[in-house]
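One structure is given here, and the rest of the page talks about it.
In my numbering, the protein residues as written are 18 to 124.
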């Protein structure tokens, strides 16, 4: 019985939550470092607006304020908006604390 419940929860995808105001984050691709605006954020993915269109399949690093850098792969990129998928998803409690403002201090 408990195996069925775990399999059910594993199939569910966390929906992207639209953020009221974009969150400014740090972005790194190779030696390029820049600031980006995070528009949509979920445990597994994010949509970022930046000054470049990174190639699909590129490894990038996204650092949200107060959190460590997260590796992500670019899934789509056009019109200076990229959709990225995190290599290691956020724990739902960490994402909830971040979106509610509990984790928004700079190091």
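Ideal placement from N, C-alpha and C gives every residue a C-beta, glycine not left out.
Just so it is clear, the structure is predicted and the values come from calculations on it, not from any experiment.
For residue 86, there is no enclosing alpha helix (DSSP H); the enclosing beta strand (DSSP E) covers residues 86 to 95. The beta carbon of residue 97 is closer than 8 Å to those of 66, 67, 68, 69, 70 in its chain, skipping five residues each way along the sequence. The DSSP-derived three-state label of residue 104 is coil. It is roughly 8 Å from the alpha-carbon of residue 47 to the alpha-carbon of residue 77.
Where residue 111 is concerned, the enclosing alpha helix (DSSP H) starts and stops at 109 to 116.
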